[in-house]
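A quick write-up on the structure given underneath.
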Amino acid sequence: MQFPERSDGAKAIKRNPRGLTMGQQHDAYFIPAKSYWPFVAAMVMFTTMFGAAHWLNAAPGEAGFGRTVLTVGVVGVLGMFFGWFRSVINESLAGDYNHQVDTSFRMGMMWFIFSEVMFFGAFFGALFFIRMFSVPWLGGAGHGALTHQFLWSDYTASWGANGGNGPAHVGGTFSTVSPWGLPLLNTLILLSSSVTVTIAHHALRAGHRGKILVFLGLTVLLGALFLNFQAHEYIEAYHELNLTLHSGVYGSTFFLLTGFHGLHVTLGTIMLAVIWFRVLKGHFSKEHHFGFEAVSWYWHFVDVVWLGLFMFVYIL
Amino acid sequence: MSHAATHDQHDDHHGAPKSFFQRWCMSTNHKDIGTLYLIFALTMFFIGGSFAMVIRAELFKPGLQLVQPYFFNEMTTMHALVMIFGAIMPAFVGLGNWMIPLMVGAPDMALPRMNNLSFWILPFAFLLLLSTLFMPGGGPAGGWTMYPPLSLQSDSLAYVVFAIHLMGISSIMGAINIIATILNMRAPGMDLLKMPVFVWSWLITAFLLIAVMPVLAGAVTMLLTDKYFGTSFFNPGGGGDPVLYQHIFWFFGHPEVYIMILPAFGIISEVIPTFARKPIFGYKAMVFAIASIAFLSFIVWAHHMFAVGLPLGADIFFMYATMLIAVPTGVKVFNWVSTMWGGSMTFETPMLFAIAFVILFTIGGFSGLMLALVPADFQYHDTYFVVAHFHYVLVTGALFAIIAATYYWLPKWTGHMYSEFWGKMHFWNSVVWVNVLFFPMHFLGLAGMPRRIPDYNVAFANFNMISSIGGFLFGASQLIFLGVLIHCVFFSRKKATDRVWEGAKGLEWTVPSPAPHHTFDVPPIIHDEELAHGNVHG
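So the sequences go chain by chain: A and B.
For the first sequence, position 316 (counting from the first letter as 1) is numbered 316 according to our numbering, and the numbering increases by one without interruption.
For the second sequence, position 486 (counting from the first letter as 1) is numbered 802 according to our numbering, and the numbering increases by one without interruption.
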């Protein structure tokens, strides 16, 4: 990286209300101005968490103020995101962000996605442990022989409908979701959405705004379609298959893994929709469109997680 | 841009804002945010310390003396959570915030607003955590590791889980910021292998944080759903396994203990060369040792769980992998000693704490090796021997390094020297009483005293009383530290020079003392001979 020579020009400070750019060259440091959004963010996050905890802890039938606080917190979080991102977008449009800031943003997004990978890793790890060790051990395999003999000698270890809810048959008899119906369709939908978002990206780099809007819009629709089918699948699981969150560890892993993934698809779809409106307003140029790229990275990540889910939760 | 203006002085054109709220709550300044982190950590250190005093007071004599057993359990749990997530980790982040930009020639952290958010989440998270002590049903009392099924009985589990989520979000954002700063904001000429060891240690620590804090979030989320949403992750009746929680928790937990020690290694690697007036011995070996320790930290987690009945193959694998850590750690200890060998040493307070670190941390390392042996661990598991071990690595290790760093950089932060006499008083009191406090715990543990228990067999009475006396006096000694800090910040008249310490090298000593509100508006020119470890290629 080339930096400006330490000449007279290097000491000139560009001042504007949004921050400080130090040095005159494009590559010089930029430090954003003070902002109350981080403090607001901390407050609304606390409000959300406190409300959620209070709500969960309320005794059954107890009114409690937890839900009200939670609602206020969630609305606050949404407002905070809106406000904070609006100020960042304005700064970006004003041309304050130089190459170095852009690189920092990219690194931030990449490492954020890595942290998400590790978050899903914890749940996949739980799934693998349960399927490879805890269920077979309960059935008497390996060093689980005594547990099996003394506690649950009539339990035969197996995954899926015939043993996935453990020796106590927690949640009662259930059936599993066939991978070759909605899940397969959802796989095709998400894979196609990865293709459409990439076509939109190429169109952005080529400067074809109409094409971006069409393909990015298609991606948003595919994301929404995925969520719609996922909801259908959940309703069917609950009402027809008796597969619920309570269906032993099979139901636990099924709903937590697909549920957290669905939450990420929801976020990704909202992010894509925001980006669609930003394209409409002409926020992006051929060279500068980090917001677009960050969201598309996120979308690809969500897609890859789904492939893992399809393989390990549905098929195997 | 029309607002362009020229300035000759680089410390007056944009000083700290006047308004309190603007300066501290809206900050984008790494120094102010670093200060906030450090003040927060110090506050939490005294809160967590007061919990420890309750524990030692109750254990002063056998029999239930002062508090109810449930409250005692709350104290052991909260002491750990507050000290780990509230004192040690934020202190390191505060030091990193203050020093990393100064050490690599950056004007600030890479993402200054996110930096502010990372900090401000913490007071709220601890408000959430500590408030549980005053709620009906009480706070968490199942130990900081929150093993199910015990932790699922707690009425405050949701608050604790959400507090941990907030702390995790804060840590992850802080770590992302540190990585982006180190990789993207270095001044030209500050090659990766010219960076101070402290910066290297934080780069690797930040990676560990991003890798494992989400895993902790996943583990506690499963606790939450098991308690409130009827899942069966940790319920064998439903096909789950409580040991699964331990695996996931310690997959986080073991890298976590290195998160609390690697920056300490970095600090010691800065302090010892300064006062030995020699470059660090084996700079590259030090860096690679930190990286090896970080790698190994991912494949040793089950040594916390030898006693749960793991398959034999797992016991053996985790035992050997754990003992392997002694190799890179040994490299570090030998290199610190070699750095001092033949140096012209002086013994100012930071150096005293650093030398105490090398000796006492090594004791903690050796007891760790004993615990790594599966057959021995079956005896030591959940006894006071374990308590002695991790307090040697965390108090005389991590905490002593933080104190050393505070004395070392305090003149740079405040522009004034602290009182060397009272600094040494703090040191000698700390180092004597900390050993009176923790060394007898080895004997208690080997004799079979279990940890986390408010009452004990009369056979353990003498050592417990000695330990409690050490505890009270070690606690009191920290008030000297508080006094030294207050004196230095508000009353000291002895101006610090820019270099502060005769043997100090590195970019942070080239800026004035106190460091101006903004430093390195223009990337500094790096002269290798001015860096502590710059000449590694030659």
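Glycine included, C-beta positions come from ideal geometry on N, C-alpha and C.
This structure is a prediction, so every number in the text was calculated from the model and none was measured.
The closest CA to that of B/ILE615, considering only B/LYS334, B/LEU524 and B/HIS346, is found on B/LEU524.
Using beta-carbon distances, A/ALA58 does not count as an interface residue toward chain B, since no partner is under 8 Å. Nearest neighbour of B/ALA717 by Cα position, chosen from B/LEU689, B/SER585 and B/LEU466, turns out to be B/SER585. Using a Cβ distance threshold of 8 Å, B/ALA792 and B/LYS377 do not count as a contacting pair. DSSP places A/ILE31 in the strand class (E or B) of the three-state scheme.
Contact annotation: in the region 528-544 of chain B, residues whose CB is within less than 9 Å of a CB in chain A are VAL528, MET529, PRO530, VAL531, LEU532, ALA533, GLY534, ALA535, THR537, MET538, LEU540, THR541, ASP542, LYS543 and TYR544.
The beta carbon of A/GLN100 sits closer than 8 Å to some beta carbon of chain B.
Judged by DSSP in its simplified three-state form, B/HIS732 adopts strand. Pairing B/PHE356 with B/GLY365, the inter-Cα distance amounts to about 14 Å. Here the C-alpha atom of A/SER296 lies approximately 12 Å from the C-alpha atom of A/ARG106. The CB of A/HIS246 comes closer than 9 Å to the CB of PHE545, GLY546, THR547, SER548 and GLY554 in chain B, given here in chain order. For the alpha helix (DSSP H) assignment, the uninterrupted runs of no fewer than 4 residues enclosed by the region 394-445 of chain B are, from N- to C-terminal side, 405-420. Using beta-carbon distances, A/TYR298 does not count as an interface residue toward chain B, since no partner is under 8 Å. Listed in chain order, the positions of the region 130-152 of chain A with a beta carbon within less than 9 Å of a beta carbon of chain B are ILE130, PHE133, SER134, VAL135, TRP137, LEU138, GLY142, HIS143, THR147, LEU151 and TRP152. When secondary structure is reduced to three states using DSSP, B/PRO464 falls in the coil class, being assigned neither helix nor strand. Rounded to whole angstroms, the separation of the alpha carbons of B/THR655 and B/MET369 is 38 Å.
Excluding its 5 nearest sequence neighbours in each direction, A/LYS286 has C-beta neighbours in its own chain below 8 Å: LEU204, ARG205, ALA206 and GLY207, listed in chain order. Counting other Cβ atoms within 10 Å of its Cβ, A/THR269 reaches 16 or more and is therefore classed as buried. DSSP, reduced to helix, strand and coil, places B/THR722 within a helical segment of the structure shown.
In chain order, HIS143 make up the part of chain A whose C-beta sits under 8 Å from the C-beta of B/GLY625. Look at the beta carbons and you see the region 454-469 of chain B not touching the region 489-497 of chain B: under three pairs across the two are nearer than 8 Å.
Take the alpha-carbon of A/PHE129 and the one of B/LEU560: they are about 7 Å apart. The three-state secondary structure of B/THR699, taken from DSSP, is strand.
A direct Cα-Cα distance of roughly 20 Å separates B/LYS648 from B/ALA688. At least one CB atom of chain B sits nearer than 8 Å to the CB of A/LYS34. Shortest Cα-Cα distance from B/LEU482 to any of B/LEU509, B/PHE633 and B/LEU443 involves B/LEU443. With a contact defined as Cβ atoms closer than 8 Å, B/ILE371 and B/PHE388 qualify at about 7 Å. Runs of the beta strand (DSSP E) lying entirely within the region 636-699 of chain B and spanning at least 3 residues: none are present. Listed as beta-bridge partners of B/PRO766 by DSSP are B/THR699. Under DSSP, B/LYS811 shares a beta bridge with B/HIS732. Between the alpha carbons of B/SER343 and A/SER35 lies a distance of about 7 Å. When the alpha-carbon of B/ARG809 is set against those of B/LEU468, B/HIS697, B/LEU446 and B/TYR734, the nearest one is in B/TYR734. Look at the region 157-187 of chain A: the residues with a C-beta under 7 Å from a C-beta of chain B are GLY164, ASN165, GLY166, PRO167, ALA168 and VAL170.
Taking a C-beta cut-off of 9 Å against chain B, the contacting residues of the region 113-131 of chain A are PHE114, SER115, GLU116, VAL117, MET118, PHE119, PHE120, GLY121, ALA122, PHE123, GLY125, ALA126, PHE129 and ILE130, listed in chain order.
Taking the Cα positions, B/ASN493 is about 7 Å away from B/MET425. Residues of chain B with a Cβ closer than 7 Å to the Cβ of A/VAL249 are, in chain order, SER548, PHE549, GLY554, GLY555 and GLY556.
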